[in-house]
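S.K.: From first to last, the protein sequence lines stand for chains A and B. Here this note's numbering is used: the first residue of the first sequence is 396, the next is one more, and so on. Here this note's numbering is used: the first residue of the second sequence is 396, the next is one more, and so on. Every residue, glycine too, gets a C-beta built ideally from N, C-alpha and C. Only a predicted model underlies this, so the values are computations on that prediction, with no experimental measurement involved. Quick one: structure below, then a few questions.
Number of protein chains: 2
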Amino acid sequence: MSAAAAAPRAADLVRWEDADRTARPERLARLRARMVAEGVDAYFGVRPEHMRYLTGFRLDDGEEKVAGHSGQFLVAAEDLVVLADSRYTIKAARQASAARVEPIASDLAVAWSSLVASVGARRIAVEAGFVSYALWERLASAAPDVELVAASGWIERDRVVKEPAELERVAAACGVADRALDSLLPAIRPGVTERELAWQLEVLIRRPGSGAEALAFDVAALFGPEAALPHGAPGDRPIAPGSVLLFDFGAQVAGYRSDMTRTLFVGEPSARDLAVYETVARAQAAAVAVLESVVRGERPVPTGREIDAVARGVIEADGRWAAYGHGLGHGIGLATHEAPSLGRSAASDAPLPSPTVFSVEPGIYLDGEMGVRIEDLVLFDAGGDGRPGRLEQLTNFPRGVLIVG
Amino acid sequence: MSAAAAAPRAADLVRWEDADRTARPERLARLRARMVAEGVDAYFGVRPEHMRYLTGFRLDDGEEKVAGHSGQFLVAAEDLVVLADSRYTIKAARQASAARVEPIASDLAVAWSSLVASVGARRIAVEAGFVSYALWERLASAAPDVELVAASGWIERDRVVKEPAELERVAAACGVADRALDSLLPAIRPGVTERELAWQLEVLIRRPGSGAEALAFDVAALFGPEAALPHGAPGDRPIAPGSVLLFDFGAQVAGYRSDMTRTLFVGEPSARDLAVYETVARAQAAAVAVLESVVRGERPVPTGREIDAVARGVIEADGRWAAYGHGLGHGIGLATHEAPSLGRSAASDAPLPSPTVFSVEPGIYLDGEMGVRIEDLVLFDAGGDGRPGRLEQLTNFPRGVLIVG
Chain A
396 MSAAAAAPRA ADLVRWEDAD RTARPERLAR LRARMVAEGV DAYFGVRPEH
446 MRYLTGFRLD DGEEKVAGHS GQFLVAAEDL VVLADSRYTI KAARQASAAR
496 VEPIASDLAV AWSSLVASVG ARRIAVEAGF VSYALWERLA SAAPDVELVA
546 ASGWIERDRV VKEPAELERV AAACGVADRA LDSLLPAIRP GVTERELAWQ
596 LEVLIRRPGS GAEALAFDVA ALFGPEAALP HGAPGDRPIA PGSVLLFDFG
646 AQVAGYRSDM TRTLFVGEPS ARDLAVYETV ARAQAAAVAV LESVVRGERP
696 VPTGREIDAV ARGVIEADGR WAAYGHGLGH GIGLATHEAP SLGRSAASDA
746 PLPSPTVFSV EPGIYLDGEM GVRIEDLVLF DAGGDGRPGR LEQLTNFPRG
796 VLIVG
Chain B
396 MSAAAAAPRA ADLVRWEDAD RTARPERLAR LRARMVAEGV DAYFGVRPEH
446 MRYLTGFRLD DGEEKVAGHS GQFLVAAEDL VVLADSRYTI KAARQASAAR
496 VEPIASDLAV AWSSLVASVG ARRIAVEAGF VSYALWERLA SAAPDVELVA
546 ASGWIERDRV VKEPAELERV AAACGVADRA LDSLLPAIRP GVTERELAWQ
596 LEVLIRRPGS GAEALAFDVA ALFGPEAALP HGAPGDRPIA PGSVLLFDFG
646 AQVAGYRSDM TRTLFVGEPS ARDLAVYETV ARAQAAAVAV LESVVRGERP
696 VPTGREIDAV ARGVIEADGR WAAYGHGLGH GIGLATHEAP SLGRSAASDA
746 PLPSPTVFSV EPGIYLDGEM GVRIEDLVLF DAGGDGRPGR LEQLTNFPRG
796 VLIVG
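Structure follows, in structure tokens:
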């Protein structure tokens, strides 16, 4: 295996926490500039990624459902307020140390009018894609003289550009995932089931000392025809020689995620299956080669749609199999899927930002037979502002044909 | 350890799936009766628990964020429609076999007008607490002649009353959790950290052969003063003799959850800590004794608030420490927290339904020092309709003082 980022140590965790604390005033300043431009005097946020990014308050994936309004926040020109019910006030004061922690009961509407008055807000941007219709209506009724404005993508757009300590954490999460898959290889043999392999890979990622605090998402381990389902779940199917075995998985380190896919062969592959694999690998390599020429300054910065078209074009030019129906890739950070988007959707029409990190994951899926996807994360920086251009593969597990079992 | 429900076998899983399939027409009939009573001709549902309960479509906890509209459903007088994008159509057809699977792109608003026309709907109940404001507005604009009506608690109210195959699964999940904690005991010794114990308990619940498919929620393992935080997270604090160690955890079996808390003593407890424990245990026993007298027909069916008051009253009458700030308990099933509610909130003013299952979890929390909570699940059936009254503790791990380490 090539050199991967080392497992994070306690000192790294402290350093990253310090870096976040130092960066938060600038992150808030960017949001406040947007608020001025949009003519609102406050921003009400509810996404867990935004809580952490702007305030420091952290919710685990499983905790979101029970946390109520705890961690939700209000940004005004001078104020940063984090809500917390009685279960979360101690945690909020510890983690969101630069904020005023406002105790809140289960019904936010009761406190809304005095809360928004306390920051002098009359026109408030609200994360309308994440606040329920019922809550929006209750807040609107609770303070009829305060206007609510639907906001979408304001903080998401800022999070696309990654700080050095954010990139380090994505790289560290990739390192954990690389090592875990490498350690899993001896366990892959005919008779073992998808579910057992998914479980063992999860244990390798999460066991104490691995450096990861969580999975980025549930491990997919899919054998044979199941690998043709881009969102299949591991089952009790035992694996057997003669087909593909696809792993799609990621780790989380200090809040930041990784995401990778490898498609292995159990026993000797057929000529057809090898050809599918090689076509996908060529598609991925073509996209990466274009990105490399961009960071060398030989091409202008492309849009996500253009990079998708490079990989898709390789498969279509080959002509034997249909190209992937999904997009070529997605940004990653505090969320597993975030901007930038690389695909055929309207979201992919902007030039790639810098520095950022995203997946490059072409695939070919033969319904009912087999599927191949190869997914890596790349750090992309077109350079400028005194920075040299830079392209770095953060996932280092070998990408070539690998026969196991 | 007392007798707990055995680990589920493959035949149990098949039987439960059959029972769900048989029960779904009645579940849908109850919803349709409510629709008639409320004057709507369709119901648009988005909660994953409701998808599974009414249609059979299943989403894992981690999958909800990426599933888009897949699994969301529309019930009309004659129709049951399940949405699925290209990633989920095969799964939806397999699992929601009684539904019409409607392929859907990422923007539901584009398809909304023809979708609602296809079932002849003009007035649609929508799960307003779970549909975002942005989506609601897009749907309202996409079909301006179709009225959207905010609905809350319609299906939740039906799910309170549990079918036999639902109760069996909650009991089976309790059995997995009982056995896991029993197996963990030898690992509890001074020097081990909260995080290591939480991880080992998770492995015992989820390892292949345990019978559980997932955790019900992240394991809490909290030592000493941390046990006073009702929503603390395990840290790298090593445990040491002389304080409490609180575990709050649950398993999931075929979609149904368990939830239990045990507070153990590491080394010999102080007289004060023992007295706290015994007060909590007396509070719990008093609530259970009242429920037992109810199922014997000696008392009318109480409200959740009344049962909460019984346990709370024991701690208040003792007078040495403040009673728990949370409620005494909550229903459980496809969700870890659901109705009925046992507490001081308005939701607790209805008499307990039958048959149902809920937690009984009084606690005493001494800020900065220690906390004790004892939580069990009980199956409660006041009887009637030919059924005898029945009260059964589904969690069987011993509730007495237990000294470990």
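Which one of B/603, B/661 and B/601 has the shortest CA to CA distance from residue 622 of chain B?
M.R.: Numbered from 1 along the second sequence, position 227 holds the residue referred to as residue 622 of chain B. Checked all of B/603, B/661 and B/601; the closest Cα to residue 622 of chain B is B/661.
S.K.: Which residues in the same chain have their Cβ closer than 7 Å to the Cβ of residue 496 of chain B, if we skip the five residues on either side of it in sequence?
M.R.: Position 101 of the second sequence holds residue 496 of chain B. These residues qualify, in order along the chain: 477, 479, 484, 487 and 488.
S.K.: Does residue 401 of chain B get closer than 9 Å to chain A when you measure Cβ to Cβ?
M.R.: Translated into the one-based positions of the second sequence, residue 401 of chain B becomes position 6. By this cut-off, residue 401 of chain B is not an interface position.
S.K.: Give the DSSP bridge partners of residue 643 of chain B, in chain order.
M.R.: Along the second sequence, read from residue 1 onward, the residue named residue 643 of chain B stands at position 248. Beta-bridge pairing links residue 643 of chain B to B/615 and B/656.
S.K.: Go ahead and pull the three-state DSSP assignment for residue 414 of chain B.
M.R.: By one-based count along the second sequence, residue 414 of chain B stands at place 19. In the structure shown, residue 414 of chain B sits in a helix (DSSP, three-state: H, G or I).
S.K.: For the stretch 513 to 543 of chain B, which residues have a beta carbon sitting closer than 8 Å to at least one beta carbon of chain A?
M.R.: Those residues of the stretch 513 to 543 of chain B that come within reach of chain A (Cβ to Cβ, closer than 8 Å) are 521, 523, 524, 525, 526, 527, 528, 529, 530, 531 and 532.
S.K.: Less than 9 Å between the beta carbons of residue 686 of chain B and residue 775 of chain B, yes or no?
M.R.: Your numbering for residue 686 of chain B matches position 291 in the second sequence. Your numbering for residue 775 of chain B matches position 380 in the second sequence. Yes, the pair counts as a contact, with Cβ atoms nearer than the cut-off.
S.K.: Quick one: Cα of residue 506 of chain B to Cα of residue 548 of chain A, how far?
M.R.: Position 111 of the second sequence holds residue 506 of chain B. Position 153 of the first sequence holds residue 548 of chain A. Roughly 24 Å between the two C-alpha positions.
S.K.: Of all Cβ atoms in chain B, is any one closer than 9 Å to the Cβ of residue 746 of chain A?
M.R.: Sequence index remark: in the first sequence, residue 746 of chain A carries index 351 (1-based). Not an interface residue.
S.K.: Can you name the start and end residues of the beta strand (DSSP E) that residue 588 of chain B belongs to?
M.R.: Residue numbering aside, residue 588 of chain B sits at position 193 when the second sequence is read from its first letter. Following the DSSP letters along the chain, one finds residue 588 of chain B in no beta strand (DSSP E), marked with neither H nor E.
S.K.: Name, please, each residue of chain A whose Cβ falls closer than 8 Å to the Cβ of residue 768 of chain B.
M.R.: As a first step, residue 768 of chain B must be located in the second sequence, where it is residue number 373. Within 8 Å Cβ-Cβ: nothing; residue 768 of chain B doesn't reach chain A, min ~13 Å.
S.K.: Under 9 Å, CB to CB, which of the residues in the stretch 483 to 499 of chain A have a partner in chain B?
M.R.: 483, 485 and 486
S.K.: Assuming contact is defined by CB atoms lying nearer than 9 Å, are residue 681 of chain B and residue 708 of chain B in contact in what I supplied?
M.R.: Within the second sequence, the letter at position 286 stands for residue 681 of chain B. Within the second sequence, the letter at position 313 stands for residue 708 of chain B. Contact flag set, yes.
S.K.: In chain order, what residues of the stretch 652 to 685 of chain A put their CB closer than 9 Å to some CB of chain B?
M.R.: So nothing in the stretch comes that close.
S.K.: Smallest Cα separation from residue 739 of chain B: which of A/749, A/501 and A/612?
M.R.: As a working mapping, residue 739 of chain B is identified with position 344 in the second sequence. Of the candidates A/749, A/501 and A/612, the one whose C-alpha sits nearest the C-alpha of residue 739 of chain B is A/501.
S.K.: Hey, is the stretch 627 to 635 of chain A in contact with the stretch 586 to 596 of chain A, meaning 3+ C-beta pairs nearer than 8 Å?
M.R.: yes
S.K.: For the structure I just gave you, are there three or more beta carbon pairs, one from the stretch 703 to 720 of chain A and one from the stretch 407 to 415 of chain B, closer than 8 Å?
M.R.: Taking 8 Å as the limit for Cβ pairs, the verdict is that the stretch 407 to 415 of chain B does not touch the stretch 703 to 720 of chain A.
S.K.: Listed in chain order, which residues of the stretch 723 to 752 of chain A have Cβ atoms closer than 7 Å to some Cβ of chain B?
M.R.: Those would be 732, in chain order.
S.K.: Just curious, the beta strand (DSSP E) that residue 751 of chain B is in, first and last residue?
M.R.: In the second sequence, residue 751 of chain B corresponds to position 356, counting from 1. Taken as a continuous stretch (DSSP letters only), the beta strand (DSSP E) holding residue 751 of chain B covers 751 to 755.
S.K.: Going straight from the alpha carbon of residue 672 of chain B to that of residue 678 of chain B, what length do you get?
M.R.: By 1-based counting over the second sequence, the position of residue 672 of chain B is 277. By 1-based counting over the second sequence, the position of residue 678 of chain B is 283. One C-alpha to the other measures close to 10 Å.
S.K.: Using a Cβ-Cβ cutoff of less than 7 Å, which residues in the same chain neighbour residue 561 of chain A once the five nearest sequence positions on both sides are dropped?
M.R.: Here residue 561 of chain A refers to the residue found at position 166 when the first sequence is read from its first residue. Once the five neighbours on either side are set aside, the close Cβ partners of residue 561 of chain A are 651 and 728.
S.K.: Relative to the alpha-carbon of residue 693 of chain B, which residue among B/601, B/438 and B/777 has its alpha-carbon at the smallest distance?
M.R.: Walking along the second sequence from the start, residue 693 of chain B turns up at place 298. Of the candidates B/601, B/438 and B/777, the one whose C-alpha sits nearest the C-alpha of residue 693 of chain B is B/777.
S.K.: Select from the stretch 589 to 601 of chain B all residues with a C-beta closer than 8 Å to any C-beta belonging to chain A, and list them in chain order.
M.R.: 590, 591, 594, 598 and 601
S.K.: With burial defined as no fewer than 16 other Cβ atoms inside 10 Å of the residue's Cβ, what is the status of residue 656 of chain A: buried or exposed?
M.R.: Taking the first sequence and counting its residues from 1, one reaches residue 656 of chain A at position 261. Buried, since its Cβ has 16 or more Cβ neighbours within 10 Å.
S.K.: For residue 626 of chain A, go through chain B and note every residue whose CB falls closer than 7 Å to its CB, in chain order.
M.R.: Looking up residue 626 of chain A in the first sequence gives position 231. Under the 7 Å cutoff, chain B gives 482 and 483.
S.K.: By a C-beta neighbour count over all protein chains shown, 10 Å radius and 16 as the cutoff for buried, is residue 536 of chain A buried or exposed?
M.R.: Counting from one through the first sequence, the residue named residue 536 of chain A turns up at place 141. By the neighbour-count rule (16 or more Cβ atoms within 10 Å), residue 536 of chain A is not buried but exposed.
S.K.: Spatial neighbours of residue 748 of chain B within its chain, please: C-beta separation below 7 Å, excluding the five flanking residues on both sides.
M.R.: Looking up residue 748 of chain B in the second sequence gives position 353. So the qualifying residues of the chain are 555, 556 and 735.
S.K.: Going by DSSP, what residue range makes up the beta strand (DSSP E) through residue 724 of chain A?
M.R.: Within the first sequence, numbered from 1, the residue matching residue 724 of chain A stands at position 329. 724 to 726 is the extent of the beta strand (DSSP E) around residue 724 of chain A.
S.K.: Taking all protein chains shown into account, do 16 or more other C-beta atoms lie within 10 angstroms of the C-beta of residue 697 of chain B, making it buried, or fewer, making it exposed?
M.R.: Looking up residue 697 of chain B in the second sequence gives position 302. Residue 697 of chain B comes out buried.
S.K.: Using a Cβ cut-off of 8 Å, pull out every chain B residue sitting near residue 605 of chain A, in sequence order please.
M.R.: On the first sequence, residue 605 of chain A is found 210 positions in, with the first residue counted as 1. Those within 8 Å of residue 605 of chain A in chain B number zero; the least Cβ separation is about 10 Å.
S.K.: Between B/764, B/471 and B/592, which has its C-alpha nearest residue 643 of chain B's C-alpha?
M.R.: Stepping through the second sequence from its first residue, residue 643 of chain B is reached at position 248. Residue 643 of chain B has its Cα closest to that of B/592, out of B/764, B/471 and B/592.
S.K.: With DSSP as the reference, identify every bridge partner of residue 759 of chain A, one or two as the case may be.
M.R.: If you number the first sequence from 1, residue 759 of chain A lands on position 364. According to DSSP, residue 759 of chain A bridges with A/767.
S.K.: Hey, does residue 720 of chain B have any beta-carbon neighbour from chain A nearer than 9 Å?
M.R.: Mapped onto the second sequence, residue 720 of chain B falls at position 325. Taking Cβ atoms only, chain A reaches closer than 9 Å to residue 720 of chain B, which makes this a yes.
S.K.: Residues in its own chain within less than 6 Å of residue 403 of chain B by CB, not counting five upstream and five downstream?
M.R.: If you number the second sequence from 1, residue 403 of chain B lands on position 8. 567, 606 and 648, listed in sequence order.
S.K.: Which parts of the stretch 502 to 536 of chain B are runs of the beta strand (DSSP E), unbroken and 3 residues or longer, counting only runs that do not cross its ends?
M.R.: 518 to 522
S.K.: Consult DSSP for residue 480 of chain B and reduce its assignment to one of helix, strand or coil.
M.R.: Your numbering for residue 480 of chain B matches position 85 in the second sequence. Here residue 480 of chain B sits in coil by DSSP.
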